[in-house]
Structures are given as C-alpha cells and as structure tokens.
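Going by the numbering used here, 921 is the number at position 875 of the sequence shown; the sequence numbering is gapless.
Ideal placement from N, C-alpha and C gives every residue a C-beta, glycine not left out.
Take a look at the structure below.
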Amino acid sequence: MRTSQPQTIYLKDYSVPAFLVDHVDLRFELYEDGTRVHSSLSIRRNPQLADNHGALELDGDSLKLETVALNGTNLSTGQYQELGETLLVPDVPDDFELTVVTWIEPQNNTRLEGLYKSSGMFCTQCEAEGFRCITYFPDRPDVMARFRTRIEADRTAYPILLSNGNDVERGDLADGRHFVTWEDPFPKPCYLFALVAGDLVEKRDTFTTLSGREIDLRMYVEPRNSEKCDYAMDSLKRSMRWDEDVYGREYDLDIFMIVAVDDFNMGAMENKGLNIFNSSCVLASQETATDLAFQRIEAIVAHEYFHNWSGNRVTCRDWFQLSLKEGFTVFRDSQFSSDMGSPTVKRIENVTLLRTAQFAEDGGPMAHPVRPASYMEISNFYTLTIYEKGAEVVRMIHTLLGPDLFRKGSDLYFERHDGQAVTTDDFVRAMEDASGRDLSQFRLWYEQAGTPVLTVSDHYDEQAATYRLTIEQSIPDTPGQQDKKPQHIPFALGLLDSNGKDMPLVLAGGSDDSLTERVLELTEASHTFEFTGVTQRPVPSLLRQFSAPVRVAYPWTREQMLFLMKHDTDGFNRWDAGQRLAVDVIQGLVSAPDAGEIEPRLVSAYRHLLSDASLDQALVAKMMQLPSEAYLIELADSPDVPAIHQARERVLAQLAGALREDLLSCIERHADNGIYGLTPEEVAGRSLRNTALAWLLHIGDEEGRDRAVQQFREADNMTDRLGALRALVNSGFVQEREKALESFYQQFSADPQVVEQWFSVQASSPETGSLEQIQQLMTHEAFDWKNPNKVRSVIGAFAGQNLAAFHAADGSGYRFLAEQVSRLDDSNPQIAARLVTPLTRWRKFAAVHSEQMLSALERIRDKKGLSRDVYEVVHKSLAG
Ligand SMILES: [Zn+2]
C-alpha cells in the first residue's frame, strides 16, 4: 500500500528521462499463489542529457523484490536501495543489462492495476501507472522500448496465453505447464503492455487492409459469452475500414486481439495489438444488450482501435498530455459514429454529456485545463475535461480549418511524430504547419480551465435593413486561475426569416457570397458583427451544431424558442430550442410551485412532434426526452433538488395527461414488427415507443400499464424488455413492478451485464431506490464489492441519477456515500475516487444541502490511511 504523503507533480518540472530502455525481455511464471516476474532491461544513459552520471531510478509499487543483477552479476543488498516506490541503483555504467526478479500476488490485487485475476483469468491494466505494480521500470510514457514476453502457466487452467505483438514460440514445460512467447516489433511505453492468461474461447475473422495485407482478428471470451462477439467484431472491421478511408491509417501488426474481462476499472484499454475490454463494453446480443449498449460498443471498439495511431504509434510525452491521445481519439470515434448513424443525434448525445457533466466539472473544485498543469494522482485526470472537452477542442480545429486542411494536418502529425512521445503543442503545430493558420491564441483552450460564457445581444434596424449582433466573451475563474484571456472561438450561426428560411448572411464590408450559414471567429472580449440587406427582423439561430463548448446567454422569448423548435434548418438547434423551452417551463414551476397549468404551447409543440410522421423520427425521439434533473441542477444557482425533481415530475405528468391519445397512437405507429435492426429509424422507433410507455405509466394509465406488461413479456430484444421494466419500476403499479423485477432476475441471473442493468434500473428510480432499498440491493447475492460494474450500477446510479433520494434533506444520502467511499478506498482507490464526485460540488448547493455534503467530505478526509486518489479529490474540494 502507498503510505507516503501525496505529492503534487507539475508540468513545469518535466525533464527528459535520464535513462532509456531499448529492449525489455519479460518472463512471467504464473501460479495460483503468486507470479514471479523476470525482467531484463537493456538500458543506456540518455545522450540528450548533458552531465548525465546519476543513479538509476526505477518505479515500483507493491512488489516483493527477489534479486537484482547488473550485466549478469547479482548485486548484493548494499549495491541497491528500495526507497518507498523507487528502486535505486547508484553505480551503473552508461550502457548495461539490468535483470530484476519480483514476486507479486495477482490473486490479491483488488486495485485492478497491474496484473490481477478476474473470474479465474489473469489480465492487466497498466495505464496510467500500473506497470510499476508488475516490475521495477521507468514507468513514464516517454520511455519507449521493444518488448518480448514469455508467459508460463498451467496448460489446463490457462490454455490461452496472450501478450502484445506476434506469437513467435510456444511449447510444453514440466508439470503440465506450457509457455508462449510474444514479440512486439514496435517500441511502446510500458502503459501499453498487456498480458492475458485463461481458459477462453477464440472467435476469429480477418480483415484485408488497403495495401492488401490480411490481418488475423481474434476475440477471446469466456465460453458462456461465445455468442455475444459478433457485433464487436463487425464494429472492429467497420472501424478499420473507416480509419483507412477517412484518415489514411492502416493497421500495422499481423494480429489484432480483443479480450473481455468482467472486473475492470475503465471501459476498455488500447494495449498494442491486444485490447482489453470491460465485458459490458464489448459483449452484446439482441436478447441481452440495449440499443444504447450496441451503440456504446461500436463507439468504444472504434475508439480503442483508433488509438493504434492516435495514442500508440504517436504517444504522450507525459501524462499532462493525456488529451493528446484521448481528445483526438474521442473526436475520431465521434466522427465515426456520426458516419455510421445519424450525425445530428450523435451531436445531441455528445453535447448532452458535455453540458450536463463536463460543464459541472469545469465549474467545480476539480476544474482543470485540457492540459493540466499539475496533479497528485494521474488516475483522477481521466476526466470529462480531458476526454470530452479535449475532443471539442480538436473539433473546433476541424471547424476552423475545414475537413481538407484538417486531414493534411493529421497526415503531417502522424508522419512527423511516428514512433515518438509528443505534446498537445506538437499536435497544434502540425495543424498550423499544414494549414498556414495561426493557432497561437487557440492554444489557450489547452491552458485555461472553465467554460466560456458568450453574452449575445442584437439590434435590428428596419430602415437601414441591417442586423447587428454583439457577442461578449468571459471565462469564469477556476481554482488557481483568474483573469483569463479571451479565447479563439468558432461561432456558427444562421438567421431565419418569418417563414423559417435561412436568410443570406452578408457581412458589412465583407464579400457578397450570400452564404446562409457562417462561422464567425471570436478572438476579442467583445465583437459586433453587422449584416446588411436584412429585409425583415430575423430569428437568430446561434452556435449551430454547438460549434464551441461554451454557454450562450441570449434573451430568447418563448415565441422564438417555439419558432426555432419547429423551423430551424439546423437539427441540433431545433432540439436545443425544445430543451431550452422545457427548461424555461420547469424553472418557472420551481420558482412558482403553485402555478396551475403549464405553458399550453409546450403541449402543442410536443403534440406536433408526436403526430407529424414526416419529421425525422431519430430527431423526434431525442426531442421527446425532457431535460434531465442533473442538467437542471447544473443550470441552477443554489439548486433546490427536491423542488427541481417535483417541478419536472409535474411537467411530465401534465404533458402525459394532455397527450394521452397521441402517446397511445405513437405506441401503435412504432409497434414491434418482429425484425430487430439498428438503423437510426429503428432505434428511434423503439425509443419513442418506450418514452410513450414511460409517460403513460407516470400518470398511472391502466392501458399503458397493460401494454408495458405485455411488451415486457413478449419482447424479443433487451431494449424493449428493459424499456418496459423501467416504465413499470418508475410507476405506482407496485404488484406489476415486483413481478417484472422478479421474473427479469430469474431469467438473466447468469448474465452479469444484464444483472448490472437490473441493479441500475432500481437504484436510479425514486420508486425503488430509497436508501433502505439501496442497502438491500447491496446484500443481494449478485452484488460484489470487488466488481467495479456492480458498484457503479448500485452506488453510482443512486448518487448520480436518483438525485432526489441522494439529496434527501436529512443528509442520509451523503453519509451513505461517504461510508461506501471510505470502505472502497481500501480495496479499489480509483473507483472510490470516482464515487466521491457528487459530493465535491457542495459549494454549488443551498445551505440545507451544502453543510451536510461538507461534513460527509470531512468524514472521508478523516479516514486513516486514505489513498492518494481519494485524498486529492477530497482535499481539492474542501480547499479554497
Ligand atoms: Zn482512449
């Protein structure tokens, strides 16, 4: 265990590694009571450093050191030192071979970092700093070496032995053991190392690359999951083709492998040639996975595959540059998902996540730039800011350059830096060099934290036929950063006439190219743009496609919102106008809870959505989702959570009551035709039908109940079965709910991924997720403290989605979370640190909440032997 006081690490202190490792020769002896790791490193002093005569320092964590040998001679204990998490060898030549033998205990590794056991198999997770839990090594991404890995294990228990690269040798050993040796020809940082050993079935396929090479594709899963691999395999092939078509990137090894494991801290890991996935992010069948799960699997398979270039071939110099690989790769997987499905729907999903969760992070105590300047524990920085905002930053470069110059830039980046460990600045420079554009001010997006606010005002001059738009930019203070400079922001807009047609946008003094959509570039604190030849007062459609991750403040009237909701030619902004209107109506109820009927025009707008079959149903399905409680809380100052919950429930009830007939005919129109497909239209049909069911059950409609019960019984796919279950769980029909929950569990109890959904439906529901019920779920036979997915699906779902219960006025939800975090901190600090998040924003809430959130945080802080992970999050949220 880590015992040292957590230290802060700063980007400004970066220096190149003193020693380089050219080659790593690993031998793993896997046993039930532990693993012996033999590591031989070819090391030399880094010639880049002048006056380089210091001691060799290697990182290690929770290792039992057996021997150290220099050029084949064992060192005596006085010739090396183990100091905390460092192995120090003071006297080494310029060029040498160091052999280290360590003993580790994967079977007792509950942190799930390094080498550990999951459901009887051995597997690894080395990003960011897990390799040091396997052996002593310079564990930093700018040390790139060639790895050769020999794995030895019992042949019967572990017939499959995998590592990175190509298998070059295999054979039998004494005592029923066997070995396989893998060789990876590409130098890589140790965080991309992987090892898997287990009794797994293999699924095979092939892919022919653009240059005609045939790649062997393999998936390894437990035998019970062998029918759930097809979708991931197809997704992989689509990703490989897409990366060739869109980025010109070809796969480089002869084999590409995917392994599914049940116990995994993250979603998936892009280890070179051997991607390891959380089972929930790769296994799917129509009967067990929802549409959402299918889409997530396609996106994650693509994401990890795309890392082979954006992350592995070109990697990060240090962990401050994490967004170099993550922001770019999330952008790439979003582009891919857009191309595979509906671009507007994909954009809506990305922005929903960004505005609900990333904006909250950017406004809270853990706010940090896309390229952080410091950290205590890097695993706390696998954040929405690094991933999602990082992707938005790359997307803005794409918007500013256009697709052709962006592609030129990415080609240059890959060509210039292939085989190197580089920085976000190198990425931006490649974009500049290829396009001739100056992105120096744009770089502030990487340096300044916080979500910019654009305050927009306008003036129409009928006589002069001019329309003036003034946009002021400000960026709120964040921890450690005040008085920020204006950023370079692409702002896409259009102007609509009274018929909903886009008007030509002629900028005063600009060329008359009669574009109807423009991207204005904001670089100053304030800009005024004047459009000429504007023959009538326009309705502005601002920040189309959400062209920048900013908040826009503009005094929209409800007439304008309704107009845009119906007419905007930009699908994203149509959806956004509907969201804004719903938010406005709900917020109105929060401040005047005794008001009677809700805005009647909201009802007719939703009726229009439900009844006009000519509308894009994928967009309609999204527009029918009311803004979430989490988003409403994020938008509010000092949110009163129970009041927000009640206001939203009332709006939902009034809408459902007024639209009952329309909802029933929506269910008819989108009835299951017995053929399951995943086109945007088919997914939208199921989504609309399930939304309609949920709304009807929300008002206790008996016809709705009967339809839900029938759908639950007869569904041939998980989307419909779970949709019906969720509607029943969230209704007042107690008998039907209990029966459905019971039968669902009976049917799927052998499938961990489905059981996780069963947990999560209950834990996130106000009807079944009271604190007492949550505690009951945690005693259920299927709950497992050691499995991160189970922890997330019960405790995470309660604190993150069941907001009225979590924010109960007596503080019981906060105390409960504090207890669970403290308990989990001993076994899995990474997951514990993630669970704390809902408490960290205590300052945002009204005193009735914030005082109790604060005392819950203080209870965690006072725990003895707190991990570095939780220490950092708790101390940062208490500071200031
Ligand atoms: Zn990634």
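Best match in Asp221, Leu553 and Ser923 for proximity to threonine 562 [C-alpha to C-alpha]
Of the candidates Asp221, Leu553 and Ser923, Leu553 places its Cα closest to the Cα of threonine 562.
Quick one: what's got a C-beta closer than 6 Å to alanine 828's C-beta in the same chain, skipping five residues either side?
Excluding residues within five positions, the ones whose Cβ falls inside 6 Å are Val801.
Hey, would you say aspartate 616 sits closer than 8 Å to serine 587, going by beta carbons?
It is a contact, given that the beta carbons lie within the stated cut-off.
Inter-residue spacing [alpha-carbon to alpha-carbon] between serine 806 and leucine 161:
Rounded to whole angstroms, the separation of the alpha carbons of leucine 161 and serine 806 is 29 Å.
Just checking my contact of serine 777 with leucine 823 at CB under 8 Å: how many whole Å lie between their CB atoms?
Contact between serine 777 and leucine 823 fails: their C-beta atoms lie close to 19 Å from each other, not under 8 Å.
Own chain, CB closer than 7 Å to isoleucine 820, minus 5 neighbours either side, in chain order
Answer for isoleucine 820: Ala809, Val840 and Phe844, listed in chain order.
Secondary structure of serine 572, DSSP reduced to three states
The answer is strand: DSSP assigns serine 572 an E or B state.
In whole angstroms, what separates the C-alpha of valine 114 from that of aspartate 308?
Separation of valine 114 and aspartate 308 (C-alpha to C-alpha, rounded to the nearest whole angstrom) is 35 Å.
Less than 6 Å between C-beta atoms, sequence neighbours within five positions excluded: which residues of the same chain meet that for threonine 67?
The question names threonine, but residue 67 in the sequence shown is valine. Beyond the five residues adjoining it in sequence on each side, valine 67 comes within less than 6 Å, by CB distance, of Leu87, Ile89, Val189 and Ala191 in the same chain, given in chain order.
Arginine 393: buried (16+ other C-beta within 10 angstroms of its C-beta) or exposed?
Buried is the call here.
Between which residues of its own chain and histidine 444 is the CB-CB distance below 8 Å, once the five residues before and five after are set aside?
Taking histidine 444 as the centre and dropping the five residues before and after it, the same chain places the C-beta of Phe377 and Phe452 closer than 8 Å to its C-beta, in chain order.
How should isoleucine 721 be labelled, buried or exposed, when 16 other C-beta atoms within 10 angstroms of its C-beta is the threshold for buried?
So isoleucine 721 ends up on the exposed side.
Count the C-beta pairs between the region 890–908 and the region 849–863 that are closer than 8 Å, then say yes if the count reaches three, no if not.
Taking 8 Å as the limit for Cβ pairs, the verdict is that the region 849–863 does touch the region 890–908.
Rounding to the nearest angstrom, what Cα-Cα distance links glutamine 53 and aspartate 107 in this structure?
Per the coordinates, the alpha-carbon of glutamine 53 lies some 16 Å from the alpha-carbon of aspartate 107.
Within 8 Å, do at least three Cβ pairs link the region 477–495 to the region 212–219?
Too few Cβ pairs lie closer than 8 Å, so no.
If we ignore side chains and look at the alpha-carbon of each, how far apart do serine 795 and glutamate 333 end up?
Those two C-alpha atoms are separated by around 14 Å.
Mind checking which residues open and close the alpha helix (DSSP H) that includes valine 919?
Unbroken alpha helix (DSSP H) run through valine 919: 914–924.
Close-in-space but distant-in-sequence residues of the same chain around arginine 767 (CB under 7 Å, 5 per side omitted):
Cβ within range, chain order: Phe758 and Ala761.
Roughly how far, in whole angstroms, is the beta-carbon of leucine 655 from the beta-carbon of methionine 669, given that I think they are within contact range, below 8 Å?
Confirmed, about 6 Å.
Tell me whether tyrosine 56 is buried or exposed, calling it buried when 16 or more other Cβ atoms sit within 10 Å of its Cβ.
The residue in question, tyrosine 56, is exposed, as its Cβ has fewer than 16 Cβ neighbours within 10 Å.
Give the DSSP-derived three-state secondary structure of valine 146 in the structure shown.
Note: valine 146 maps to strand in three-state DSSP.
Does DSSP put glutamate 198 in a helix, in a strand, or in coil?
Three-state DSSP puts glutamate 198 in a strand.
Give a single yes or no on whether threonine 170 has its beta carbon closer than 7 Å to a heavy atom of ligand 1.
Threonine 170 has its Cβ no nearer than 7 Å to any heavy atom of ligand 1.
Mind reading off the beta-carbon distance from alanine 406 to glutamate 680? Whole number of angstroms is fine, and I expect it under 8 Å.
Going by Cβ atoms, the distance from alanine 406 to glutamate 680 rounds to 5 Å, so yes, they are a contact pair.
Validate contact between the region 680–697 and the region 717–735 using beta carbons, cut 8 Å, 3 pairs:
Output reads no: the region 717–735 does not touch the region 680–697.
Let me check you understand the geometry: is the CB of threonine 375 closer than 7 Å to at least one non-hydrogen atom of ligand 1?
Yes, the beta carbon of threonine 375 sits closer than 7 Å to at least one heavy atom of ligand 1.
In the DSSP output, what is threonine 81 paired with across the bridge?
DSSP output for threonine 81 lists Leu76 and Ile150 as bridge partner(s).
Euclidean distance between Cα positions of leucine 912 and tryptophan 228
Rounded to whole angstroms, leucine 912 and tryptophan 228 show a C-alpha spacing of 39 Å.
What does lysine 249 pair with, by DSSP beta-bridge criteria?
DSSP, once it has assigned bridges, lists Met265 as partnering lysine 249.
Got a sec? Which residues, its chain only, sit under 7 Å from leucine 368 by beta carbon, not counting five neighbours each side?
Only Cys362, Phe427 and Ile432 meet the Cβ criterion.
I'd like to confirm the pairing. Which residues does DSSP put opposite cysteine 362 in its beta bridges?
Looking at the DSSP assignment, cysteine 362 forms a beta bridge with Val468.
With contact counted as at least three CB pairs below 8 Å, one residue from each stretch, are the region 194–204 and the region 450–470 in contact?
No, the region 194–204 is not in contact with the region 450–470.
Any alpha helix (DSSP H) of 4 or more consecutive residues that is wholly inside the region 415–484
If we require 4 residues or more, the alpha helix (DSSP H) runs fully inside the region 415–484 come out as 436–447, 449–463 and 470–481.
As a quick exercise: from Tyr513, Ile180 and Lys612, pick the residue whose alpha carbon is nearest that of threonine 578.
Comparing C-alpha distances from threonine 578 to each of Tyr513, Ile180 and Lys612 shows the shortest one belongs to Tyr513.
Whole-angstrom distance between isoleucine 521 and lysine 531, CA atom to CA atom
Whole-angstrom Cα-Cα distance: 8 Å.
Can you determine whether any heavy atom of ligand 1 sits closer than 7 Å to the C-beta of glutamate 372, and answer yes or no?
Checking the 7 Å criterion, the Cβ of glutamate 372 is within range of a heavy atom belonging to ligand 1.
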